[in-house]
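Undergrad: Protein chains in written order, with this note's numbering: chain A, 12 to 290; chain B, 12 to 290; chain C, 12 to 290; chain D, 12 to 290.
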């Protein structure tokens with residue numbers, strides 16, 4: 012995700028890119044006109060973007076860059092992170108005069124390339140204003156949804172709903188197959204009906220029926236995001252039975268199928284529970 | 012639903028309409044060029060359409076019309092019915108030489124008026140061929156999904172998914188509100204993201220945030236459809252945890268809120284469980 | 012179950028036993044002092060007991076015996092049957108002047124041998140009075156719980172709760188094992204605490220930890236009973252989220268593990284979902 | 012709980028008791044032969060017992076006592092706490108040479124008075140050995156279940172199972188009532204059958220059918236414990252669908268009914284979902 016996002020930023024303002032593997036930064040510079048920078052140089056930017064697997068990696072990255080950060084800078088974290096981590100990161104950065112917004116994205120590599128990502132921003136209105144043009148460079152729908160952590164909270168809900176929609180259409184199709192229904196036309200007509208979802212429209216015919224399951228977004232990461240959504244529900248003493256069940260089912264799928272497969276392979280859990288293949 | 016559907020049919024072939032309240036049939040005739048008919052005359056048509064609240068009403072209607080049906084006719088039931096009922100109805104009609112297809116629809120009154128309904132058809136390929144042009148008169152996506160009962164099976168899955176998507180986005184929003192997130196931009200960005208669904212896009216801002224809940228499709232009927240979906244899962248010894256939970260939650264909502272309110276009021280269940288209002 | 016139950020009855024009143032395999036009836040007669048009888052003779056008794064796998068077998072048995080039944084007799088069905096089937100069976104038998112009570116039992120082969128079964132009776136108070144002494148011959152707790160069908164309704168709830176308790180203690184133990192807790196003392200102390208259940212006390216150390224899973228009560232039958240409980244909930248438009256989920260999990264277990272294994276093997280579902288063995 | 016537990020300890024060894032309200036400590040001393048002590052004196056004991064509502068209060072208490080603790084002492088926490096908190100508390104105390112075991116209890120005030128509590132201990136074998144006699148003074152079943160935190164982990168599972176059993180028997184009874192079954196004999200026979208549990212045997216006839224709901228153990232605390240159990244499942248990436256659902260239902264009950272009522276009032280949630288009263 013980070014590669015095309017940084018390319019859009021580089022088209023807007025002079026941009027330094029840093030990567031643990033320096034040659035990847037150099038490749039980005041060569042292709043998109045950014046500048047490959049050492050960590051300490053990248054850390055001196057006015058706006059710093061991070062986009063990592065989990066909040067733990069962001070914590071580590073902040074730790075490395077902390078001595079080199081410039082007072083008055085803004086750190087924009089596009090990771091699908093934990094709201095509680097965002098609040099701690101914001102506090103830690105505030106001590107060295109750096110503002111923080113969480114700005115996770117949805118739309119996948121295709122949306123990143125097209126510059127049409129949905130961006131859900133948590134942070135102060137004023138800080139958001141300072142980085143908005145840069146977010147707009149790769150985003151289509153860019154909205155502030157509340158204080159620091161709110162972006163991560165919305166992203167976690169988005170991802171658990173995406174997983175829930177995938178699992179639930181798989182449940183429906185598994186039951187239909189056992190009832191002798193033809194799945195291909197059934198899915199087509201569902202997708203023209205009120206029971207459709209992003210997941211049913213974009214994942215089932217493409218990944219499940221073809222049995223391709225091309226790795227795009229890892230099952231382990233989706234299970235992690237669903238876990239964050241449930242953790243957030245628990246923190247505010249909320250009650251979300253369907254989200255809770257989805258989190259449990261995705262962990263089970265991860266356990267039975269693997270962490271590194273595409274998240275759409277989670278349907279294999281329901282295939283196992285029903286003794287059918289969705290094809 | 013039946014009024015605009017019959018209007019489309021009447022534009023395609025000479026059409027007799029029957030209603031328990033004869034003046035309603037006359038009004039249809041006056042407005043759409045159909046012919047108001049007595050039950051025994053309507054029963055003599057080549058193709059008979061029924062569109063009633065449940066399979067029980069269809070059973071009653073078949074009983075009334077049975078003596079007047081014409082051998083070689085086709086009965087098309089657009090009710091959101093039970094697959095087991097469809098199989099019994101088909102057998103009963105076969106005894107008098109009448110074929111049966113179940114052809115429930117999705118798209119609501121607007122889709123019915125526009126002639127763009129999704130129609131999911133269960134029945135023999137040949138019988139489907141004989142009524143296809145009439146189904147196309149009010150349908151946009153018209154597909155045969157399997158043998159008799161398959162249409163009802165798919166419709167039940169569609170409706171339980173629609174209800175599930177509504178309940179699950181309400182769960183997510185309730186938890187976000189308790190976390191201090193602004194719901195309006197959160198919904199907008201969810202609807203531009205991978206967690207979106209027909210329900211999140213068409214029902215939440217429109218019905219829930221406005222607290223309008225205009226009665227369109229009754230909660231009691233949605234709970235009934237979810238119950239059919241679960242009954243179908245049980246009949247084939249399937250396992251559909253999310254569908255089962257949705258059926259239970261919709262019955263609870265019906266119990267607590269009422270049968271005759273719009274189905275979108277089901278979100279009040281989650282508002283009660285979380286102590287927040289989604290607005 | 013039927014063998015020791017009929018033995019107790021035979022100790023109380025002259026008893027004819029019938030079995031599809033006549034030699035089994037003869038063996039019973041030889042061991043317990045009953046009389047092996049042909050179907051038509053058995054059908055002429057004052058009180059008829061049936062104890063079969065499902066209501067379908069009882070329907071078939073009633074069909075075979077119907078011509079030979081004696082007006083004024085009572086049919087006592089100890090099957091774990093469906094309440095709706097009980098009502099139909101009662102109506103069918105009433106036409107030939109035979110009363111019906113459903114009287115399913117709990118307590119297993121050991122309770123049957125000891126004559127301490129719990130018996131939950133659905134039927135008219137007066138009819139119950141006529142067979143009570145016979146039920147007492149094999150029962151410890153014998154109670155009328157309501158009109159015809161009520162016994163089956165209570166039995167279905169009992170069995171789904173038993174299954175639910177088994178699955179839930181397995182969930183808890185699986186999570187404890189992943190947390191590094193020693194399962195044997197954990198179970199012992201749970202069984203001395205408020206979270207204990209019949210299932211946790213009688214099945215886990217005995218069947219699960221030993222990995223014996225001696226076949227006593229088939230998983231397929233437990234899944235069937237849970238399905239009946241859920242069907243009953245649906246029939247009265249009730250909401251029972253935990254029962255629904257248990258029914259779904261037991262069907263999944265049956266699908267993944269098999270119908271004919273002991274029901275305690277259902278814990279293998281949770282072992283798979285968690286990647287641990289409960290031992 | 013703490014009062015009778017400390018009374019048993021005081022019968023075994025010289026015991027100082029401390030309470031924020033000194034007169035309560037004095038009352039204990041007068042009645043049970045302990046010594047009312049100032050916080051700094053209590054903190055100097057060889058073995059320190061704490062029994063508080065949540066881990067947060069224990070953290071505060073450790074903070075206050077830390078300067079006065081004696082190197083070589085053992086801190087025994089009988090709170091229903093969080094395993095993660097136990098590990099942090101153990102580390103914090105280790106810095107001043109104090110060992111820690113978590114030793115939550117089950118059995119209620121009656122078990123505490125009788126000295127028959129179940130005690131589930133997490134900590135080093137050797138440390139457990141040093142306090143075992145004291146735990147035996149109020150415990151009936153006292154078992155080490157694993158390293159620090161394990162006691163809390165088992166207690167959380169125990170409590171969520173207790174809540175689950177209560178909710179599930181309420182589901183069953185609500186459905187039976189809607190089916191026209193008599194609840195009193197139905198419960199009696201269930202309690203003599205394989206679907207029984209501690210909750211069904213000790214809470215339903217006593218608290219629910221009588222509508223007394225005498226406050227013993229607060230609903231808010233049970234919901235907290237269920238939340239801990241679910242948090243623990245999530246931490247080890249486990250899958251526990253029934254535990255997750257129970258945690259959600261208990262939070263909903265707390266939201267709808269209140270935090271300070273007896274936990275058995277949680278059945279009111281299912282009464283609301285089903286539109287019946289369990290009486």
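Every residue gets a Cβ at the ideal spot worked out from N, C-alpha and C, and that includes glycine.
The structure displayed is predicted, hence computed values, not measured ones.
Candidates A:33, A:285, A:190: which alpha carbon is nearest residue 264 of chain C's?
TA: Closest option to residue 264 of chain C, Cα to Cα, is A:285.
Undergrad: Ignoring anything shorter than 4 residues or poking outside the region 92–158 of chain A, list the alpha helix (DSSP H) runs there in chain order.
TA: Complete alpha helix (DSSP H) runs here, min 4: 94–105, 119–125, 136–149.
Undergrad: May I have the straight-line CA-CA distance separating residue 162 of chain D from residue 252 of chain C, to the nearest angstrom?
TA: For residue 162 of chain D and residue 252 of chain C, the distance between alpha carbons rounds to 30 Å.
Undergrad: Of the residues C:67, C:125, C:127, which one's Cα is nearest the Cα of residue 99 of chain C?
TA: Looking at the Cα atoms, C:67 is the closest of the given residues.
Undergrad: Is the CB of residue 115 of chain D under 9 Å away from at least one CB in chain B?
TA: So no, residue 115 of chain D is outside the interface.
Undergrad: Using beta-carbon positions only, say whether residue 171 of chain C and residue 254 of chain C come within less than 9 Å of one another.
TA: For residue 171 of chain C and residue 254 of chain C, yes; Cβs fall inside 9 Å.
Undergrad: Which word fits residue 33 of chain A, buried or exposed, when buried means at least 16 other C-beta atoms lie within 10 angstroms of its C-beta?
TA: Result: exposed.
Undergrad: Taking the straight line between their C-alpha atoms, what separation do you get for residue 124 of chain D and residue 150 of chain D?
TA: Cα to Cα, the separation comes out at about 10 Å.
Undergrad: Could you work out which residues of chain A lie near residue 176 of chain B, taking near to mean beta carbons separated by less than 7 Å?
TA: Here the neighbours are 176, 208.
Undergrad: Between residue 248 of chain D and chain C, is any beta-carbon pair separated by less than 9 Å?
TA: So yes, residue 248 of chain D belongs to the interface.
Undergrad: At the 9 Å Cβ level, is residue 75 of chain B part of the contact set with chain D, yes or no?
TA: For residue 75 of chain B, the answer is no, since every Cβ of chain D falls outside 9 Å of its Cβ.
Undergrad: To the nearest angstrom, report how far apart residue 72 of chain B and residue 111 of chain B are at their CA atoms.
TA: Looking at the two C-alpha atoms, the distance is approximately 14 Å.
Undergrad: So if I threshold CB-CB distances at 7 Å, which residues from the region 247–279 of chain B count as touching chain D?
TA: Listed by position, the residues of the region 247–279 of chain B near chain D (Cβ gap below 7 Å) are 252, 263, 266, 267.
Undergrad: Secondary structure at residue 220 of chain A, three-state DSSP: helix, strand or coil?
TA: Here residue 220 of chain A sits in helix by DSSP.
Undergrad: Excluding the 5 residues flanking residue 208 of chain A on each side, which residues of the same chain have their C-beta closer than 6 Å to its C-beta?
TA: For residue 208 of chain A, where only same-chain residues beyond five positions count, the Cβ hits under 6 Å are 176.
Undergrad: Got a sec: is the Cβ-Cβ distance from residue 286 of chain C to anything in chain A below 9 Å?
TA: True, the Cβ-Cβ gap to chain A drops below 9 Å.
Undergrad: Among D:84, D:116, D:69, D:42, which residue has its Cα nearest to the Cα of residue 57 of chain D?
TA: Of D:84, D:116, D:69, D:42, the residue nearest in Cα terms is D:84.
Undergrad: With a threshold of 7 Å on Cβ separation, who are the neighbours of residue 62 of chain C within its own chain once the five nearest residues in sequence on each side are excluded?
TA: Answer for residue 62 of chain C: 12, 13, 16, 89, 90, listed in chain order.
Undergrad: May I ask you to list, following chain order, the residues of the region 228–249 of chain D that have a beta carbon less than 7 Å from some beta carbon of chain A?
TA: Result list: 238, 241, 242, 245, 248, 249.
Undergrad: What's the call for residue 76 of chain A, buried or exposed, on a 16-neighbour Cβ count within 10 Å?
TA: When all chains shown are included, residue 76 of chain A counts as buried.
Undergrad: Cα separation between residue 235 of chain A and residue 195 of chain D?
TA: Each residue's Cα considered, the two are about 46 Å apart.
Undergrad: Just tell me which of C:165, C:193, C:180, C:184 has its CA closest to the CA of residue 180 of chain D.
TA: Here the closest residue by C-alpha is C:165.
Undergrad: Between residue 60 of chain B and residue 109 of chain B, is the Cβ-Cβ spacing less than 9 Å?
TA: Not closer than 9 Å, so no.
Undergrad: Am I right that residue 185 of chain B and residue 272 of chain B are in contact with their C-beta atoms under 8 Å? What's the rounded C-beta distance?
TA: With a Cβ gap of about 19 Å, residue 185 of chain B and residue 272 of chain B do not count as contacting.
Undergrad: Going along chain B in order, which residues have a C-beta closer than 9 Å to the C-beta of residue 161 of chain A?
TA: 187, 190, 191, 192, 193, 197, listed in chain order.
Undergrad: Determine the contact status of residue 51 of chain A and residue 79 of chain A, defining contact as a CB-CB distance below 9 Å.
TA: Cβ distance < 9 Å, so residue 51 of chain A and residue 79 of chain A count as in contact.
Undergrad: Cutting at 7 Å between CB atoms, please list the residues of its own chain near residue 222 of chain B, excluding the five before and the five after it.
TA: Correct list, in chain order: 290.
Undergrad: Using the beta-carbon count (16 or more within 10 Å), is residue 217 of chain A buried or exposed?
TA: Classification of residue 217 of chain A: exposed, given that the 10 Å Cβ count is below 16.
Undergrad: Which complete alpha helix (DSSP H) runs does the region 170–216 of chain D hold, if anything under 4 residues is left out?
TA: Whole alpha helix (DSSP H) segments, 4+ residues: 194–202, 209–213.
Undergrad: What's the C-alpha gap between residue 92 of chain C and residue 270 of chain B?
TA: Those two C-alpha atoms are separated by around 31 Å.
Undergrad: Just to confirm before moving on: does the CB-CB distance between residue 190 of chain B and residue 122 of chain A stay below 9 Å?
TA: No, the pair does not count as a contact, with Cβ atoms beyond the cut-off.
Undergrad: Is it true that the CB of residue 47 of chain C sits closer than 9 Å to the CB of residue 36 of chain C?
TA: Contact: yes.
Undergrad: Counting along the chain, where does the beta strand (DSSP E) carrying residue 87 of chain A start and finish?
TA: First-last of the beta strand (DSSP E) with residue 87 of chain A: 85–88.
Undergrad: If we define contact as Cβ-Cβ less than 9 Å, is residue 38 of chain C a contact residue for chain A?
TA: No, its Cβ sits nowhere closer than 9 Å to a Cβ of chain A.
Undergrad: Quick check on the burial criterion: 16 or more other C-beta atoms within 10 angstroms. Buried or exposed for residue 158 of chain C?
TA: It is buried - the Cβ of residue 158 of chain C has at least 16 other Cβ atoms within 10 Å.
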